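Chemist: Here's a structure for you.
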Amino acid sequence: MIKVYVLYPNKADVTFDFDYYCNKHVPMIEGLLGDAVKGATVDAGVASVVPGEPALYVAISTISFDSIESFQTAFGPHAEKIKADVPNFTNAIPIMQLCDQKL
Numbered sequence: 002m003i004k005v006y007v008l009y010p011n012k013a014d015v016t017f018d019f020d021y022y023c024n025k026h027v028p029m030i031e032g033l034l035g036d037a038v039k040g041a042t043v044d045a046g047v048a049s050v051v052p053g054e055p056a057l058y059v060a061i062s063t064i065s066f067d068s069i070e071s072f073q074t075a076f077g078p079h080a081e082k083i084k085a086d087v088p089n090f091t092n093a094i095p096i097m098q099l100c101d102q103k104l
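Numbering (the numbering used here), first residue to last: 2 to 104.
Structure, rendered in structure tokens:
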């Protein structure tokens, strides 16, 4: 199982519309990528491990795929459309990382 993590860095001036993200952006991705998507989660950052400090990321999204190839095949043709939607819910610049789930 491959997981694609999309991390949205938190900073003082960051904005993030969770309603739009959860109800429009993620369903759009699932619709575009189809059966290649095996699951998706959205987590809102609430705090740092250091008391009183904000979370490092305002949001972290995880999308699961069977393999790197299935992700690349599904995502590639729609990458520009997905990226173009980002300003509709945040001014943060997302960071993406692919991971191989081990446990």
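No residue lacks a Cβ here, since even glycine has one placed at the ideal position from N, Cα and C.
The structure presented is a predicted model; accordingly, all values stated were derived computationally and were not measured.
#1: Going straight from the alpha carbon of residue 18 to that of residue 51, what length do you get?
#2: Identify whether residue 47 lies in helix, strand or coil by the three-state DSSP scheme.
#3: Give me the Cα-Cα distance between residue 92 and residue 34, rounded to the nearest whole angstrom.
#4: Tell me which residue opens and which closes the alpha helix (DSSP H) that residue 34 is part of.
#5: Just to check my reading of the structure: residue 60 and residue 9 have Cβ atoms closer than 8 Å, yes? What is that Cβ distance to the nearest angstrom?
Modeler: Reading from the atomic positions:
#1: Position 17 of the sequence shown holds residue 18. Position 50 of the sequence shown holds residue 51. Cα to Cα, residue 18 sits roughly 25 Å from residue 51.
#2: Here residue 47 refers to the residue found at position 46 when the sequence shown is read from its first residue. Residue 47: coil per DSSP, three-state reduction.
#3: As a working mapping, residue 92 is identified with position 91 in the sequence shown. As a working mapping, residue 34 is identified with position 33 in the sequence shown. C-alpha separation (whole angstroms): 24 Å.
#4: For this step, residue 34 is matched to residue 33 along the sequence shown. 27 to 34 is the extent of the alpha helix (DSSP H) around residue 34.
#5: Numbered from its first residue, the sequence shown carries residue 60 at position 59. Numbered from its first residue, the sequence shown carries residue 9 at position 8. With a beta-carbon spacing of about 5 Å, residue 60 and residue 9 fall inside the 8 Å limit used to define contacts.
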